[in-house]
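Peer 1: Everything in the sequence shown is counted per my numbering, starting at 1 for the first residue and increasing by one.
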Amino acid sequence: MGPGGSRRPRNSQHATASSASAASRDGQQQNKDTEHEFDIVAYRTTFWRTFFFYALSFGTCGIFRLILHWYPKGLIQFRAKRCSVECADLVLVVDNHARHDICKVYHRNRSGTEHTVVANTDGTLSELEDLRWFKYRKLQYTWIDGDWSTPSRAYSHITPEALAKSAPASGLKSDDVALRRTYFGMNVMPVKLSPFYELVYKEVLSPFYIFQIISVSVWYVDDYVWYAALIIVMSLYSVIMTLRQTRSQQRRLQSMVVEHDEVEVIRENGRVCKMDSSEIVPGDVLVIPPQGCMMYCDCVLMNGTVIVNESMLTGESIPITKSAVVDDGHEKVFSIEKHGKNIIFNGTKVLQTKYYKGQHVKALVIRTAYSTTKGQLIRSIMYPKEADFKFITQLMKFVCVLAGVAIFGFLYTSFILFYRGSSFFKIIIRALDLVTIVVPPALPAVMGIGIFYAQRRLRQKSIYCISPTTINTCGAIDVVCFDKTGTLTEDGLDFYALRVVENAKIGENIVQISTNETCQNVVRAIATCHTLSKINHELHGDPLDVIMFEQTRYSLEEDDSESHESIESIQPILIRPPKDSTLPDCQIVKQFTFSSGLQRQSVIVTDEDSMKAYCKGSPEMIMSLCRPETVPENFHDIVEEYSQHGYRLIAVAEKDLVIGSEVQKTSRQSIECDLTLIGLVALENRLKPVTTEVIQKLNEANIRSVMVTGDNLLTALSVARECGIIVSKKTAYLIEHESGVVDKRGRTILTIREKGEHHTQERQSKSVDLSKMSNIDCQFAISGSTFSVVTHEYPELLDQLVCVCNVFARMAPEQKQLLVEHLQRVGQTVAMCGDGANDCAALKAAHAGISLSEAEASIAAPFTSKVADIRCVITLISEGRAALVTSYSAFLCMAGYSLTQFISILLLYWIATSYSQMQFLFIDIAIVTNLAFLSSQTRAHKGLASTPPPTTILSTASMVSLFGQLAIGGLAQIGVFCLITMQEWFKPFQPTHHDNDEDRKSLQGTAIFYVSLFHYIVLYFVFAAGPPYRASITSNKAFLMSMICVTIGCISLVVFYFTPVQYFLGCLFIPQQFRFIIVFIALITAIVSILYDRCVDWISGKISEKIRQMRKGA
């Protein structure tokens, strides 16, 4: 990490003087922003380093510069030397995927008209004597107090109370706005369409295309123009498709980023000014119009409430209510994550405002441009994480092995031809030609064909993919995490029953809500405790709230009358009971919106005679807030009984308030305490029709299914049992903790409850007990709170826990992401399937994120299914496996083809000749290219096998198979090469100084050409993978017919001597008897190759099965 070590900066906070100076001297920092973690190393260019850099670049005709273009770290180390940040003019940024970027450091001194303003963590400004910054991935990083900080540091370390008071009542002054703009910049997120020449330049300068350019140049010099033309066409097609995909992605991003629009801002002297949204800066106060608007920044609501649609960011189309930020005593520091209910995010649409009479609904701008939440999403798309898949890594390793073989061939060819007296030009051309044979330029294109066909088949099944390389990863999936509501179960809930609690006694099931006195108080609580709103005469809000409200038969009206001045001039919501009810109308005068962290919401309601607070939420949370004497003794048992049967439970409580109290100044914590329990609502959440079938198929394929939900633990466990995630044959255990109860080491005690369908057995568990239970035939379920305890206090159990726990309930979005990351850490290939509501972080973190949405593309996941159920998971895994084994087969075929031809050419170089151009062309196009493209069209197998396909090219089985086939084919060629020289009619090849097709003709070359043709066909037959991952090759009619035609054509070519054809191919006449011998040798070779392949498959299968049994019994 450097001589002085590396330090993780505390973002948006001040570093100590000693740490700042140490980091400055070392010149290396480790930075962590919302989306990316990276190291920053400071460098300074020198005159002599720059001089030698340009001298070598021009002296080598750009070759030296091209090599450093592929190796940025070497580029900056050659041009500059490491230094302190204060002296730097360049920085090297290394992200957590080992990608290197060089950024220019800008510098400004505090002098004259230039300002060196930066934002403080409380939103104020301060000026530095010396300002240094660089731009990286659309964000500006400024050196402040020993840290590279972004503009998001503003308002990052401030209390909610201080934030509420920080908004300037009269607005920002013009001078202050100008200063802020120098640091924050304009509020725009430009996504420019890159010019085609720039895209082509970046694409063509990759090592792959440079190698292709060299190969094609060599072939043209050698008059091998037809195959060179084919490679050019394939390369141009690949470049055009890549450019189209890149341009399409840029256009999609442009459509997501609305540049600007007119907004209302309070500026100097409290005037409300209309201006372009690009001109606002953090610290501005926006006025939200009553009819709603689009938001172009992240801002904190200062007063009133607004209803917003955040579908752009979360995929959730349900309107959400945002309330003004208050100091509720729960959080000491304001944060985006914990105060999301108070923040209106960039890209969301405000549908409606609820405002104070005579006042504007105001919001304080805290983030603009790419610092906003939407900006981070845009950046995550522009700079996605690289696929962490060992298949690609091992492919590159084997290409390096082929490169090593090519170097050997280069040296061998150079020595042999030099010994034979060939010219220097001929030696170089022949040696380079051999390199292009060993490392075929068409390899990446051929290996990508399977992905292309898989993507096309997925699209036909309404599954859209924006990251095609992820398809191969789907073939290796061994764990699938599912959200519950909307994914495994239907989106909507059905009302099941109401239980009234009165005098600490719980009543019977009420399946039809009525207006009788028995349940009228609970009904009123249900009718008022929500954040519903009417938009265009339709109810909008949380589906759960809509269902329960509609059951009450109450009606909701937005009251705009002036008769509510006693409630501090707020616009109340009027709730009217049914006509047959004797209860008066009531008004919701204050709302505390639902918080997943608090697991509850509450309201203050007033009518003619009273004022009450109603609170509803999870039974365990509401019970903890109620006075114990109001909770029935059997309440916990009743909750458990409903939960075991999969019902969603909502507990309801109330509290009497004093009329005339200052409602708007009342804190949440003063309301949500000493409550009286008044009822319990049970809702039914049905499984989607295909859920059980899909889970069963995954279980049969030994692919683990995990439920990750925000619902109640027992409800989640019941649904998991119903759909098959919890297998009936296995014992289920609930892992729980006892708050405040610790062991001798000061750790919270964990308890394990055996949870059958009809019994519960509890016993205390030590960590060793849990470790032992992870290896027996059982499954675990855990809640988010206990998961947090394990994460912080039992980290040594976490790896075991994520491997055996199949139900994670009450999980917050960040916990879902943490779970996915831990599964990846233990070596699992993870898919995450969710409806996009609260799963964005987990969808991004997973190897394969699958969003169930009607949109054709999703900003959170590489895959989006238009069919909103989990059948797409089976399709994706099936197509992923097919694409993976297709790439695997294509690689083995291309490697076998190139090394087989390498052996042929080595034998022919020994006698100073080679194949003719037409012989090369016949092999490369008529056989290899033809069979490669057609074999990739084989569809995926209908079922999922119980074992996954191999994810490694360099496995022992694949290498034994490949090199065994090469040995068989090589021996056949050597045998024919030697056998033909023993014939009476044999005439040795006499090399000439010319190098045309006529002068290359030889009997050995003709014999090797004949026998090798059949080996190429055998390679495609042997390596053409079929069941259990792809359909049988007989289902691929085009490939089968092509193979039959090619085989018949090759037999005809060898057995029957058609003079025009043989002359065209550059073949010499061989007596028919020996031609039959060649066919016989080819037949024996084919039989041996097929038998050898079957033996390798059988032996490797037995060994794999033995290893699996050993691991299972361990």
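Ideal placement from N, C-alpha and C gives every residue a C-beta, glycine not left out.
Note that the structure is a prediction, hence the values are computed from the model and not measured.
Beta carbon of V188, beta carbon of D284: below 8 Å?
Peer 2: It is not a contact, given that the beta carbons lie outside the stated cut-off.
Peer 1: I'd like the span of the beta strand (DSSP E) that includes I1070, first residue to last.
Peer 2: Segment: none, I1070 is in no beta strand (DSSP E) and carries neither H nor E.
Peer 1: Taking 7 Å as the limit between beta carbons, can you name the residues of its chain near S21, skipping five residues before and five after?
Peer 2: Since pLDDT at S21 reaches only 42, below the 50 mark, its modelled position is unreliable, and the value read off the structure follows with that caveat. Closer than 7 Å at the Cβ level, and outside the excluded window around S21, lies no residue.
Peer 1: Determine the direct distance from the alpha carbon of F1009 to that of I903, and round the result to whole angstroms.
Peer 2: Cα-Cα distance, rounded: 11 Å.
Peer 1: Is N309 helix, strand or coil by DSSP?
Peer 2: Looking at N309 - three-state DSSP - the assignment turns out to be strand.
Peer 1: Is the beta carbon of T489 closer than 8 Å to that of K688?
Peer 2: Yes.
Peer 1: Since D924 contacts Y227 with CB under 8 Å, what's their CB separation in whole angstroms?
Peer 2: About 5 Å; that satisfies the 8 Å criterion.
Peer 1: Helix, strand or coil for A855? Go by DSSP, reduced to three states.
Peer 2: With a pLDDT of 46 at A855, under the threshold of 50, the modelled position of this residue cannot be trusted; read the value that follows with caution. If DSSP states are grouped into helix, strand and coil, A855 belongs with coil.
Peer 1: Buried or exposed for Q990, going by 16 or more other Cβ atoms inside 10 Å?
Peer 2: Result: exposed.
Peer 1: Mapping the DSSP letters down to three states, classify K461 as helix, strand or coil.
Peer 2: Residue state, collapsed to three classes: coil.
Peer 1: Quick one: residues in its chain with C-beta nearer than 6 Å to the C-beta of R553, no 5 flanking neighbours on either side, listed in chain order?
Peer 2: If we look at R553 and ignore the five residues flanking it on each side, its Cβ neighbours are P578.
Peer 1: Using the Cα positions of M1110 and G1101, report the straight-line distance between them to the nearest angstrom.
Peer 2: So the alpha carbons of these two residues sit roughly 14 Å apart.
Peer 1: Just how far apart, CA to CA, sit L750 and L801?
Peer 2: Those two C-alpha atoms are separated by around 13 Å.
Peer 1: Determine whether the Cβ of C803 lies closer than 8 Å to any Cβ atom of chain B.
Peer 2: Absence of chain B from the displayed structure is noted, only one protein chain being present.
Peer 1: DSSP three-state call for N521: helix, strand or coil?
Peer 2: DSSP places N521 in helix when its eight states are reduced to three.
Peer 1: Which one or two residues does DSSP pair with Y647 in a beta bridge?
Peer 2: DSSP output for Y647 lists E684 as bridge partner(s).
Peer 1: Would A178 be called buried (16 or more neighbouring beta carbons within 10 Å of its own) or exposed?
Peer 2: A178 is exposed by the Cβ-count criterion.
Peer 1: What residues in its chain sit with their C-beta under 7 Å from that of L493, if we drop five residues either side in the sequence?
Peer 2: Cβ neighbours of L493 beyond the five flanking positions: P543, L544, I547, R648, L683, E684, N685.
Peer 1: Alpha carbon to alpha carbon, how far is V326 from L884? Give it in angstroms, no decimals.
Peer 2: Their backbone Cα atoms lie some 53 Å apart in a straight line.
Peer 1: Output yes or no for whether 8 Å exceeds the beta carbon distance between Q591 and V605.
Peer 2: It is not a contact, given that the beta carbons lie outside the stated cut-off.
Peer 1: With distance defined between alpha-carbon atoms, name the residue in G404, N303, Y412 nearest to K362.
Peer 2: Of G404, N303, Y412, the residue nearest in Cα terms is N303.
Peer 1: Specify, as a first and last residue, the run of the beta strand (DSSP E) that N109 falls within.
Peer 2: Run containing N109: 106 to 109, per the beta strand (DSSP E) assignment.
Peer 1: Would you call the CB atoms of Y296 and H339 closer than 8 Å?
Peer 2: Going by C-beta atoms, Y296 is not nearer than 8 Å to H339.
Peer 1: Using a Cβ-Cβ cut-off of 8 Å (strictly less than) and excluding sequence neighbours within five positions of S1042, which residues of its own chain qualify?
Peer 2: Closer than 8 Å at the Cβ level, and outside the excluded window around S1042, lie N930, L931, L934.
Peer 1: May I ask you to report which of helix, strand or coil DSSP gives L598?
Peer 2: Here L598 sits in coil by DSSP.
Peer 1: Can you tell me whether DSSP reads V257 as helix, strand or coil?
Peer 2: Reduced to three states, the DSSP call for V257 is coil.
Peer 1: Per DSSP, what kind of secondary structure is V287 in: helix, strand or coil?
Peer 2: The answer is strand: DSSP assigns V287 an E or B state.
Peer 1: For M623, count the other beta carbons within 10 Å of its own beta carbon; 16 or more makes it buried, fewer makes it exposed. Which is it?
Peer 2: Its Cβ being crowded by 16 or more others within 10 Å, M623 is buried.
Peer 1: Could you check which residue in D656, S878, V804, P632 has the C-alpha nearest to that of A613?
Peer 2: Nearest C-alpha to A613: D656.
Peer 1: Could you name the residues of the same chain whose beta carbon sits closer than 8 Å to that of N699, not counting the 5 residues immediately before and after it, in chain order?
Peer 2: Excluding residues within five positions, the ones whose Cβ falls inside 8 Å are S705, G724, V727.
Peer 1: Please report how far the alpha carbon of T731 lies from the alpha carbon of S718, in whole angstroms.
Peer 2: Going from the Cα of T731 to the Cα of S718 covers about 13 Å.
Peer 1: Measure the CB-CB distance between M811 and G710 and report whether it falls below 8 Å.
Peer 2: Yes, these two residues count as a Cβ contact at 8 Å.
Peer 1: Only counting the same chain, and skipping five residues up and downstream in sequence, which positions put a Cβ closer than 8 Å to that of S788?
Peer 2: Hits under 8 Å: Q815.
Peer 1: Got a sec: does the ligand GTP put a non-hydrogen atom nearer than 7 Å to the Cβ of L649?
Peer 2: Although the ligand GTP was asked about, the structure shown includes no ligands whatsoever.
Peer 1: Taking the C-alpha atoms as reference points, what is the distance between H107 and H97?
Peer 2: Whole-angstrom Cα-Cα distance: 29 Å.
Peer 1: Given a cut-off of 8 Å, decide if L532 and L556 are closer than it, judged by their beta-carbon atoms.
Peer 2: In this structure, L532 lies closer than 8 Å to L556 by Cβ.
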